[in-house]
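So that you can map any letter, position 51 of the sequence shown is 293 in the working numbering, and since no number is skipped, the others follow by simple counting.
Glycine residues also receive a C-beta, built at the ideal position from the N, C-alpha and C atoms.
Quick caveat: nothing in here was measured; it's all calculated off a predicted structure.
Report on the following structure.
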Amino acid sequence: MSDHQRPPETSRDALAAEIEQLSQLNVTLAAELDLDVLTQSIIDTATRLTGAKYGSFFERVLTAPGEPELWKLASLTGAPLTAFTRFGLPRETSLFRPSFRNEGVVRSDDVPNDPRYGSMGGMPKGHLPVRSYMAVSVVSRTAGITGALLFGHPEPGRFTEREERFIVGFAAQTAVAIDNARLFKSLEEENRERRAVEAGLRASDARFRAAIAAVQGVLWTTDADGRMVDRQEGWEAMTGQAYADYAGDGWVAALLPDDAQPTVDAWREALAASKTFVFEHRVRMRSGLYRTFAIRAVPILDETSGSVREWVGVHTDITEQRAAEARLDAAREAAEAANRAKSQFIANMSHELRTPLSAVIGYSGMLAEEIEDLGHAGLVDDVRKIESNARHLLGLINDVLDLSKIEAGRMTVEAVEFDVAAMIDEVVSAATPLVAKKGNRLVVELPPALGTMLTDEVKVRQCLLNLIGNAAKFTEAGSVTLRAARIADGGEDWLSFSVEDTGIGMTPEQLSRLFGRFVQADESTTRQFGGTGLGLSITRAFCRKLGGDVTVDSRHGHGSTFTVSLPARLGDDAQEPEPAVVPAAARGDTILVVDDDSAARDLLTRFLEREGFTVKTARDGREGLALARQYRPKVVLLDVEMPNVNGWTMLQALRADPLLAETPVIMISVLHERSVGFAMGANDYLVKPIDWRQLKRVLERFEDGGAVGRRVLVVDDEPDARGWIGAMLSRDGWTTDVAVDGRDALDKVDRAVPDLIILDLMMPVMDGFAFLRALRARPDTSGIHVVVLTAKEVTSAERADLEGHVDRVLQKGSLKLDELREELRRLVPEPELPG
């Protein structure tokens, strides 16, 4: 029934009821500040007052400028939320759009049949059964469109102009109420944030105070200029200074006089740079004693200007800490001194033991040959046993000496390029008798091409012999298999060597202590199989020194496999350069032997005389020099450690004497100091006990016909380059001389004209270019071949300058040793030996 059809009494009652509801709504709008509760109250009341069955309030979500507009269904009455949410926000249909665009009140008495809205009036299929519809925008004076009120009824003609006027006024009241609620919510959030900040400040202050209380030191503050302006209770208690004494810069008076000025200088530097101040100094305490303090002070910046407002610092007493460190340093120094003394003792003892052992081995070898010549073949085995046991003892002594070098950090490597397969053949030849002792077979499995390695061949060979010997020791009537492979890894070639046995194997517990020094798997293996427990620890140290490692895989009762992995080329940081070889010239028929050990002199004399040489002997360097000047020997065999004048001193004297400087010198010693020998000018270096075949080969290099037409001069300011080039050429039969710059090279050419000069370009005093101009200006040097070997990037102009003066221009590192050898052979062919 519409208003004009209602009886007056009914209209008056209905009006009174509406007024009462509006009054209640005004109270709700004024009192409710929770936005969700407020919007639900609004839509519930408005739905009742308009007589609608369905009512909803769509709220416009506040977004940042530039972001897309968002709406949400904030409140709904008369239907479940799914009635709307499953359709999304109905904003772009002709029926709903005006309410979301503030385009006035929308009212329809029969939506499905209203021609303004077309078929279904823009209602999606499955929507609430709405025929009467009315909606209006909620617009705030401050925020624009706040939302939209939408009402509906399943019957047509339910809304009149009265309801339309009502919702317009109602929307205005709703906008004010929502603004108030949002303002309250914003204020509440600001208050919450403010309370959180205040709580954080209180907690920070509490932590700061707790930190101050926990600091094990004295806290102090200064102004921005580093002056103490407030009372510093901690400083007063520590130093006994009164405020008047330490105020400003007076605190400096409490420092040890030696520390005062350095402290002031460092403090002023920190003030000028506004950086953290960290220092140490000694402070006079209230008791009058000085104690050591660590100081740390930081600048506190003004939040507005960013400038330093004040400084906060702390003095921490570290007297006991420094005293403990001093005791530790003294203990460490004492331990290092003891370790050095131990290493020196081991080295001395090794020398003293190896000298007589060398004689035993030498005499045994000589006796075996002489007994065999006399036809007493039955005694040869006994003599060989003496030699074998002496060599075993010498091996143990060498292990101990290697260990002392490892511990002292004095272990060096000498990198040479060698053929891997040939090295393995030598290892197999040496190890086969050892493996066969217990009825074992040595199996070798090698691929067809292993190539070469540039590393310390002696240490690689020793590692493999150690592993094969270890495998043979713990295997009976089984097999020991040696395998090798070349592997590319990350652009770098590696060699992998594995030694597999079918022996007793090891438990996990035994594996855990396997590589310890003087340690074997357990005590029972030591009693049963013997050994010192040094071999594997030395093997691991050697492998790591060469840039690789050794690993093990073992099953108890089934055998073990040790694998050595090494880079094919030793890195420059680990490589010890092989020194240059000093030139030699053979002359005369006499060989001079200089050794303080009479047994060694006797052995060498007997060997050399059997080879047809005339031998002169001397007991020390002084006597040796006199004999060298008297007889001008063909070769000098020189021991190192001798009384009075030792071998190094005699070698220096020989090289300084113009008449003897070219005499070949072969060092023969129990010391493994090959690098030192070459660096000081030795032509070769042999280690006692002497391998007679090796000595014979070395002497043959200095036969009259052995060095004809093969003299080379290496000119380079880098000792490493002179070392490896000279060593390589010397091994290839060249007579080698070295020069450190162009001027030195010209002097060497004056003394002896070489067949070949290997020349660096970048050198001090006189570089390679100036040397070439001076060399080619001499008429007698036109036949000298010159090969430039340089690390410099040679420009086209420089190459044109070199053209016509040199035979080759090679880049260091661009050629392998074999390729370099081949280049040099093409320039200077090997001479034909007479006969």
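- Closest option to V741, judged by alpha-carbon separation, among G732, E751, G733, T717: T717.
- The beta carbon of A727 lies closer than 7 Å to those of P689, S738 in the same chain, with the five residues before and after it left out.
- DSSP, read as helix, strand or coil, puts R811 in strand.
- Proximity of the region 932-943 to the region 953-964 falls short of the contact definition, fewer than three beta-carbon pairs being nearer than 8 Å.
- In the DSSP annotation of this structure, the continuous segment of the beta strand (DSSP E) that includes K858 starts and ends at 856-860.
- Secondary structure remark: continuous beta strand (DSSP E) runs of at least 3 residues inside the region 377-465, in chain order: 386-395, 459-465.
- About 6 Å separates the beta carbons of F521 and T505, which is inside the 8 Å limit, making them a contact pair.
- Here D983 has D959, M1005, P1006, V1007, M1008 as same chain residues with Cβ atoms under 7 Å from its own Cβ, once five neighbours each way along the sequence are excluded.
- For the pair P340 and E431, the Cα-to-Cα distance works out to about 34 Å.
- Excluding the 5 residues flanking it on each side, L756 has same chain C-beta neighbours closer than 8 Å at M748, A763, L778, V794, in chain order.
- Note that the C-beta distance between D997 and V1028 is not below 8 Å.
- By the C-beta criterion, the region 347-360 is judged to be in contact with the region 368-381, since at least 3 inter-stretch pairs fall below 8 Å.
- DSSP, reduced to helix, strand and coil, places G863 within a helical segment of the structure shown.
- Cβ-Cβ distances below 6 Å link G476 to V460, L461 in the same chain, with the five nearest sequence neighbours on each side left out; the list follows chain order.
- Around the beta carbon of D881, 16 or more other beta carbons lie within 10 angstroms, which makes this residue buried.
- Closest in alpha carbon position to P809, among E668, S840, A657, V877, is A657.
- Taking the C-beta atoms as reference points, N344 is found no nearer than 8 Å to I409.
- Contact check for L893 and V835: beta-carbon distance about 15 Å, past the 8 Å limit, so the pair fails to qualify.
- In this chain, the alpha helix (DSSP H) harbouring W477 covers 475-481.
- Here W736 is bridged, per DSSP, to I729, P809.
- Counting along the chain, P499 sits inside no beta strand (DSSP E); it lies in the alpha helix (DSSP H) bounded by residues 499-515.
- Per DSSP, reduced to three states, the secondary structure at P541 is strand.
- Our two residues, G490 and G468, have alpha carbons roughly 8 Å apart in a direct line.
- Under DSSP, the beta-bridge partners assigned to K314 are E301.
- Secondary structure in the region 665-691: the beta strand (DSSP E) runs of 3 residues or longer, each lying completely within the stretch, are 683-687 in chain order.
- Taking a cut-off of 8 Å for Cβ pairs, the region 291-299 and the region 392-408 touch, as three or more such pairs fall below it.
- F519 and G637 have their C-alpha atoms roughly 59 Å apart.
- Within 10 angstroms of the beta-carbon of V980 lie 16 or more other beta-carbons, which makes it buried.
- I613 and W934 have their C-alpha atoms spaced approximately 17 Å apart.
- In the DSSP assignment, G555 falls outside any alpha helix (DSSP H) and within the unbroken beta strand (DSSP E) covering 550-559.
- F660: member of the beta strand (DSSP E) spanning 658-661, first to last residue.
- Straight across, the Cα-Cα distance linking I628 with K930 is about 17 Å.
- In the displayed model, D624 falls within a helix according to three-state DSSP.
- Assignment of A536 by DSSP, reduced to helix, strand and coil, places it in the strand class.
- Taking all protein chains shown into account, E687 has fewer than 16 neighbouring C-beta atoms within 10 Å of its C-beta and is therefore exposed.
- Its Cα nearest to that of A536, the residue E562 stands out among S516, E562, G1025, V625.
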